[in-house]
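Peer 1: My structure is below; once you've seen it, I'll send some questions.
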Amino acid sequence: MSAAEPEPFRFFPVRVARIVDVTPSLRRVTFTGDELEDFADPGWDQRIKLVLPAVEGGYAHLPTGADWYGGWRTLPTDRRPPIRTYTTRAVRPGAGQDLDDAAGEPEQRRTVTAGASTVGEVDVDMVVHAPLGPAARWLESARPGTSAMLLGPSRAWLRTQPTGARPGGVDFVPPTVTGRFLLGGDETAAPAIARILEQLPASARGIAVVELPVAADADYLPAHPGIEVRALARDARPHGERLVAGVKRAAAELLPEGAPQQVEEIDVDRELLWEVPRTARGGAALKRADVYAWLAGEAGAVCALRRHLVSERGLDRRAVAFMGYWRLGRAEG
Numbered sequence: 001m002s003a004a005e006p007e008p009f010r011f012f013p014v015r016v017a018r019i020v021d022v023t024p025s026l027r028r029v030t031f032t033g034d035e036l037e038d039f040a041d042p043g044w045d046q047r048i049k050l051v052l053p054a055v056e057g058g059y060a061h062l063p064t065g066a067d068w069y070g071g072w073r074t075l076p077t078d079r080r081p082p083i084r085t086y087t088t089r090a091v092r093p094g095a096g097q098d099l100d101d102a103a104g105e106p107e108q109r110r111t112v113t114a115g116a117s118t119v120g121e122v123d124v125d126m127v128v129h130a131p132l133g134p135a136a137r138w139l140e141s142a143r144p145g146t147s148a149m150l151l152g153p154s155r156a157w158l159r160t161q162p163t164g165a166r167p168g169g170v171d172f173v174p175p176t177v178t179g180r181f182l183l184g185g186d187e188t189a190a191p192a193i194a195r196i197l198e199q200l201p202a203s204a205r206g207i208a209v210v211e212l213p214v215a216a217d218a219d220y221l222p223a224h225p226g227i228e229v230r231a232l233a234r235d236a237r238p239h240g241e242r243l244v245a246g247v248k249r250a251a252a253e254l255l256p257e258g259a260p261q262q263v264e265e266i267d268v269d270r271e272l273l274w275e276v277p278r279t280a281r282g283g284a285a286l287k288r289a290d291v292y293a294w295l296a297g298e299a300g301a302v303c304a305l306r307r308h309l310v311s312e313r314g315l316d317r318r319a320v321a322f323m324g325y326w327r328l329g330r331a332e333g
């Protein structure tokens, strides 16, 4: 790739514009910045990176370019900016958003528009929790004007690509013809599930199961005319217990009995659980499916659901995405 060609993802210097507690457990941080007019919005479960300032030098030592990650890994700990992964909840470029940015076939999405602003904005919803790691500490101390850095998709790159191209970071890739949807996740997946519910067409049918810390968090999830949203309060129960039970119940309602398939066991304490079936060009692995499942959240819970849906209920592995967003007791690297 020549130096003049844009990269699919790039760094965006930003500052905090607003901070709002949307529920007891989810806090919305609105970032603003002059360069956000180039921030693309493929939608769905688009992942981005929030880069936090290093203890020594802030962002002075942050590598850029195609091999930024390799350079970042070699930095001394005090000079290495912590990085955490989030989902874009909303994007408002200063010049207005082209509809062609949205990934997926037109019949698979419902366009959601928002008023354009003179300066670009990106909303990121973050979980408020303890213990306080780097991201939680930053969230507690952030105020309007606090500087940060986002790594996100580039509209300039998308303009150079064929229609429907994705810059990466979107793993909700259902078949063009999908009978019903099964969505499941915990609070870390709630922003992605909310975005998916907003973009699925009104004709879509299925069930979304979301485990949230407390009952008051349920208002976070938007209604959908054809998707039954089941918000389950965790309260004092173990993390993932209600999610696993709720998804199993929904699967029994949506899935016909299939032939059990062998599935390789994954040690989520040693390996990343991330299975998203794709074609060579990044599209859906199947053209049609009776049920398409998208499951994300704590890796142990997602692993249990992977075993149940594929090994026990016989769901075609080409019609399900399993993503371990995080692991209990372990920080993101």
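For what it's worth, UniProt numbering labels the leading residue of the sequence shown as 1, then goes sequentially.
Glycine residues also receive a C-beta, built at the ideal position from the N, C-alpha and C atoms.
Just how far apart, CA to CA, sit E107 and P201?
Peer 2: The predicted model places E107 with a pLDDT of 45, which falls under 50 and marks its position as unreliable, so this point remains unresolved.
Peer 1: Indicate the three-state DSSP secondary structure (helix, strand or coil) for V127 in the structure shown.
Peer 2: Strand.
Peer 1: Excluding the 5 residues flanking P6 on each side, which residues of the same chain have their C-beta closer than 6 Å to its C-beta?
Peer 2: Counting only Cβ-Cβ distances below 6 Å, and skipping sequence neighbours, we find S154, A156, W157.
Peer 1: CA-CA distance, A90 and W138?
Peer 2: If you take the alpha carbons of A90 and W138, they lie about 21 Å apart.
Peer 1: Could you work out which residue in L221, G152, I19 is closest to A192 when comparing CA atoms only?
Peer 2: Minimum Cα distance to A192 is reached at L221.
Peer 1: According to the Cβ coordinates, are P42 and R159 closer than 8 Å?
Peer 2: Not in contact: P42 and R159 (Cβ atoms no closer than 8 Å).
Peer 1: Does R237 come out as helix, strand or coil in the three-state DSSP assignment?
Peer 2: R237 falls in the coil class under three-state DSSP.
Peer 1: So G300 is in the alpha helix (DSSP H); what residue range does that whole segment cover?
Peer 2: Looking at the DSSP string, the run of the alpha helix (DSSP H) that includes G300 is 299–306.
Peer 1: Rank P63, T178, L272, E253 by C-alpha distance to the C-alpha of G300 and give the top, closest one.
Peer 2: With distances taken between Cα atoms, G300 lies closest to L272.
Peer 1: Where in the segment 165–244 do unbroken runs of the alpha helix (DSSP H), each at least 4 residues long, occur, reported from the N-terminal end onward?
Peer 2: Complete alpha helix (DSSP H) runs here, min 4: 190–199.
Peer 1: Going by beta carbon distance, what residues of the same chain come within less than 7 Å of P63, once the five residues before and after it are set aside?
Peer 2: If we look at P63 and ignore the five residues flanking it on each side, its Cβ neighbours are G71, W72.
Peer 1: Expressed to the nearest angstrom, what Euclidean distance is found between the alpha-carbon atoms of R110 and P82?
Peer 2: With a pLDDT of 41 at R110, under the threshold of 50, the modelled position of that residue is not reliable, and the figure given next carries that caveat. Each residue's alpha carbon lies about 35 Å from the other.
Peer 1: So the candidates are A60, Y86, T88; which of them puts its Cα closest to the Cα of R80?
Peer 2: Comparing Cα-Cα distances from R80 to each of A60, Y86, T88, the minimum goes to A60.
Peer 1: So for P134, helix, strand or coil by DSSP?
Peer 2: In the structure shown, P134 sits in a helix (DSSP, three-state: H, G or I).
Peer 1: Could you give the DSSP three-state label for K248: helix, strand or coil?
Peer 2: In this structure, K248 counts as helix in the three-state DSSP scheme.
Peer 1: Only counting the same chain, and skipping five residues up and downstream in sequence, which positions put a Cβ closer than 8 Å to that of L232?
Peer 2: V209, V210, E211, L212, R242, L243, G246.
Peer 1: Assign V20 to one of two classes, buried (16 or more other C-beta atoms within 10 Å of its C-beta) or exposed (fewer than that).
Peer 2: It counts as exposed.
Peer 1: In the DSSP output, which residue or residues are listed as bridge partners for I83?
Peer 2: Partner(s): V51.
Peer 1: Specify, as a first and last residue, the run of the alpha helix (DSSP H) that L158 falls within.
Peer 2: Start and end: 155–159.
Peer 1: Excluding sequence positions up to five away, which residues of its chain have a Cβ less than 7 Å from the Cβ of G65?
Peer 2: For G65, where only same-chain residues beyond five positions count, there are no Cβ hits under 7 Å.
Peer 1: Can you tell me the Cα-Cα spacing of T23 and V128, whole angstroms?
Peer 2: One C-alpha to the other measures close to 10 Å.
Peer 1: According to the neighbour-count rule (16 or more other Cβ atoms, all chains shown, within 10 Å of its Cβ), is Q161 buried or exposed?
Peer 2: Burial call: exposed.
Peer 1: CB-CB under 6 Å to E35, same chain, minus the five flanking residues each way: which ones, in chain order?
Peer 2: Correct list, in chain order: F12.
Peer 1: Between A284 and T176, what straight-line distance do the alpha-carbon atoms span, to the nearest angstrom?
Peer 2: Straight-line Cα distance between these residues: approximately 8 Å.
Peer 1: Identify the continuous beta strand (DSSP E) that holds G33 and give its terminal residues.
Peer 2: That run of the beta strand (DSSP E) goes 26–33.
Peer 1: Between G206 and L305, which are expected to be in contact by the criterion C-beta below 8 Å, what is the C-beta distance as a whole number of angstroms?
Peer 2: About 15 Å separates the two Cβ atoms, so there is no contact after all.
Peer 1: For D171, which residues from the same chain have a beta carbon less than 7 Å from its beta carbon, with the 5 sequence-adjacent residues on both sides left out?
Peer 2: The residues are D45, V276, A321, M323.
Peer 1: Tell me the rounded alpha-carbon separation between G115 and R92.
Peer 2: Residue placement at G115 is flagged as unreliable, the pLDDT there being 39, under the threshold of 50; a coordinate-derived value is accordingly withheld.
Peer 1: Would you mind stating whether I48 and G169 have Cβ atoms separated by less than 8 Å?
Peer 2: Cβ atoms of I48 and G169: closer than 8 Å.
Peer 1: Under three-state DSSP, which class holds V14?
Peer 2: If DSSP states are grouped into helix, strand and coil, V14 belongs with the strands.
Peer 1: Classify V276 as helix, strand or coil using the three-state DSSP reduction.
Peer 2: Three-state DSSP puts V276 in coil, outside helix and strand.
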